[in-house]
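Reading through the structure tokens given below for one structure.
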Amino acid sequence: MRLPCPLCGVRDLREFTVVGPAALKDRPGREAGAAAWDAYLHLRDNPAGATEELWWHGAGCGACLIVARDTATHAVHGARLAAEAGP
């Protein structure tokens, strides 16, 4: 599998580390209660089909990316910089 890095171009999967679902960017604030933190840390979907995930290009430019892909077919539909995706 190959992933498109917006900074480096299409690269081999071995250069990347999956971080988790893109929803991890929506981290609860310090004032959030235990239920919000429990949901953030432990309650995650396991989708079959289209999803967005956070990937780190650790063996490349070091950027954190949001990759759109299909978990059933492993087809990659694109990637963008997580820093440009907003909070």
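With the first letter of the sequence shown counted as 1, position 42 gets the number 152 in this note's numbering; the numbers rise by one all the way through. Backbone N, C-alpha and C define an ideal beta-carbon position, used for all residues, glycine too.
Alpha-carbon spacing of residue i relative to residue j, whole angstroms
i: R137; j: T127; result: 20 Å
i: G159; j: H187; result: 12 Å
i: G139; j: A132; result: 17 Å
Cβ-Cβ separation, residue j to residue i (assumed contact under 8 Å), whole Å
i: L117; j: V177; result: About 14 Å; that fails the 8 Å criterion.
Where residue i falls: helix, strand or coil (DSSP)
i: H187; result: strand
i: R124; result: helix
i: E162; result: strand
i: D155; result: coil
i: L117; result: coil
Neighbourhood of residue i by C-beta distance below 7 Å, restricted to the same chain and skipping five residues each side
i: A192; result: K135, L164, C174, L175 and I176
i: C171; result: C115, L117 and C118
Beta-carbon contacts of residue i that lie in its chain and below 6 Å, excluding the five residues immediately before and after
i: A195; result: I176
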